[in-house]
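Residue numbers (the UniProt record's numbering): 1 to 545. Where a beta carbon is used, it is the ideal one built from N, C-alpha and C, also for glycine. See structure below.
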Ligand SMILES: C[S@@+](CC[C@H](N)C(=O)[O-])C[C@H]1O[C@@H](n2cnc3c(N)ncnc32)[C@H](O)[C@@H]1O
């Protein structure tokens, strides 16, 4: 940086001295990483330089001093871009880079900065072009390694964004050591449409096999911290929420595209009359140009309602956090994932990796089917689920809730059975009663899985107790039958997977039974998705290696 300093020492008139001092001050602030302050001083420098260029160019054009002024203007714009990029003000950073490149088409430092900004905006192909152009500059020879690393990174992310082929196996096998892998944003075979559940939802435009990625999105903002217990924990949570709101507010203020996509989210009111945005709005490559300058503001009250309805907690029942200290609590906003409705028969799950959320199919999904994940624990009885949905501010309209509501309303025996459960009936007896009851209540086929999921607690207890199994084992279906039927309706779930693993261990004393092993791997794929392509990595996650 020092080597590139302003070289107008011979000219001793006022503005040039001022320029010199502003530039030194701005450089110092930049080196001290005081981004906001350095932006302010660079702005003064840039404004004064421009005035100086036009006045010098007017009366007494001295090509040499104009060239020097333009050169330092280009560098100042580039440095301001760098500071703005550090503050994630990518839009303004891009403007600075473009203006600097108007002065010097192949300015190496600016091309490097612009490439990084484009990467920050998830525009991988454009970033790649930028780094390739930077290679043509003579300065590239001194920085060949840096540029090459960026080029490789762009190629990898561009490929991921196009194909959805992500692989976290090596990171898992290294026990999540080092920085978490850089991921590209990806949108699979999905569209946003009107949902029968409420408002808009995400829908499959093709058949999606269990484990396949549906989307990968970077958080608009995310806040993490260790909560602690009791009052202290509550206080910490409030502070985190305040910080999170501030972060989202900043992102929304700085970027028109973010403002546009966040504004499209539900406030929880009048969902059925909300616009149905094109999926293209969420593709970084397409959306930036059309709404980068979106001027419409987003008032605080609306933003708070949006955050209330759409923020996700990392450690949720249908989510899994990878490579992060388990003590950490994290809350974030991922815009496209916010269009996913809840269902008590969900077909998707999410995985949190760094600031990204990866949503994948937890069972096979058919073309046209709505993609849903569980906002709360769906391995619970209807009444409990109703309470949880209520605390989320809605009444669940999924087909399982409808089916169970009718059964509950029309069947005295079911109500009595639930009362028995509340009084703490023996788990073996309870499972036997449900299984026998289903014959009388004419609950058949897939619907059996729904009730088994509702009363999962007692099934879990019996299959985990040798004493209960000795007494009831022959009168009830095998654990494998129950796991199959439950995962068939609610998709893969960690508890189902764990039960299958333990069951196999007990039955065979190991994991050598190929058919059962295949089933377990399939459940694993539903829980973790296809991002774990190496068998060894999947086995590590399943705890069988
Ligand atoms: C994160 S948003 C989901 C997308 C939303 N439907 C939209 O149009 O933007 C969450 C809101 O969707 C609605 N919702 C989600 N799942 C639902 C369900 N199973 N039944 C009824 N409403 C649901 C609720 O109003 C909830 O507050």
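- Per DSSP, residue 148 is one residue of the alpha helix (DSSP H) stretching across 144 to 163.
- Closest option to residue 122, judged by alpha-carbon separation, among 192, 219 and 66: 219.
- Two segments are said to touch when three or more pairs of C-beta atoms, one from each, lie closer than 8 angstroms; by this definition the region 353 to 363 touches the region 204 to 221.
- Linking residue 76 to residue 51 through their CA atoms gives a straight-line distance of about 14 angstroms.
- Residue burial is scored here from C-beta neighbours: residue 455 has at least 16 other C-beta atoms within 10 angstroms and is therefore classed as buried.
- For residue 483 and residue 343, the gap between their C-alpha atoms comes out near 19 angstroms.
- If you compare the alpha carbons of 273, 296 and 311 with that of residue 260, the shortest gap goes to 296.
- In the structure shown, residue 258 adopts helical secondary structure according to DSSP, grouped into three states.
- Relative to ligand 1, residue 325 has its C-beta separated by 6 angstroms or more from all heavy atoms.
- In the three-state reduction of the DSSP assignment, residue 348 falls in the strand class.
- Annotation for residue 271 indicates a beta carbon within 6 angstroms of some heavy atom of ligand 1.
- The secondary-structure analysis by DSSP pairs residue 333 across a beta bridge with 221.
- Residue 90 places its beta carbon less than 7 angstroms from that of residue 117.
- Taking a cut-off of 8 angstroms for Cβ pairs, the region 135 to 145 and the region 318 to 331 do not touch, as fewer than three such pairs fall below it.
- Fewer than three pairs of CB atoms, one per stretch, sit closer than 8 angstroms, so the region 392 to 401 makes no contact with the region 422 to 430.
- A distance below 7 angstroms between beta-carbons, with the five flanking residues on each side excluded, links residue 172 to the following residues of its chain, in chain order: 532, 537, 540 and 541.
- Beyond the five residues adjoining it in sequence on each side, residue 523 comes within less than 7 angstroms, by CB distance, of 487, 492, 496, 497 and 500 in the same chain, given in chain order.
- Note that the C-beta distance between residue 212 and residue 361 is below 7 angstroms.
- Contact between residue 85 and residue 113 holds: CB atoms are separated by about 7 angstroms, below the 8 angstroms threshold.
- At a threshold of 6 angstroms, residue 200 counts as near ligand 1, since its beta carbon sits closer than that to one of the ligand's heavy atoms.
- When secondary structure is reduced to three states using DSSP, residue 362 falls in the coil class, being assigned neither helix nor strand.
- In the DSSP assignment, residue 193 falls within the beta strand (DSSP E) that extends over 190 to 194.
- If you compare the alpha carbons of 120, 155 and 146 with that of residue 129, the shortest gap goes to 155.
- In this structure residue 209 is exposed. Its beta-carbon is surrounded by fewer than 16 other beta-carbon atoms within 10 angstroms.
- The Cβ atoms of residue 338 and residue 265 sit closer than 7 angstroms to each other.
- Within 6 angstroms of the C-beta of residue 496 there is not a single heavy atom belonging to ligand 1.
- Apart from the 5 residues on each side of it in sequence, residue 314 sits with its Cβ closer than 6 angstroms to the Cβ of 321, 330 and 352 in its chain, given in chain order.
- Here the alpha carbon of residue 44 sits roughly 14 angstroms from the alpha carbon of residue 30.
- Your pair residue 388 and residue 376 checks out as a contact, with CB atoms roughly 4 angstroms apart and the cut at 8 angstroms.
- Residue 356 sits in a strand when the DSSP states are folded into three classes.
- In the same chain as residue 434, and ignoring 5 residues on each side of it, the C-beta atoms closer than 8 angstroms to its own belong to 417, 451, 452, 455 and 458, in chain order.
- Taking residue 477 as the centre and dropping the five residues before and after it, the same chain places the C-beta of 435 closer than 7 angstroms to its C-beta, in chain order.
- 7 angstroms or more divides the Cβ of residue 64 from the Cβ of residue 80.
- With at least 16 other beta carbons inside 10 angstroms of its own, residue 335 counts as buried.
- Under DSSP, residue 92 takes part in no beta bridge, so it has no partner.
- Uninterrupted alpha helix (DSSP H) stretches at least 4 residues long and entirely within the region 449 to 527 occur at 456 to 463, 466 to 472, 479 to 490 and 494 to 508, given in chain order.
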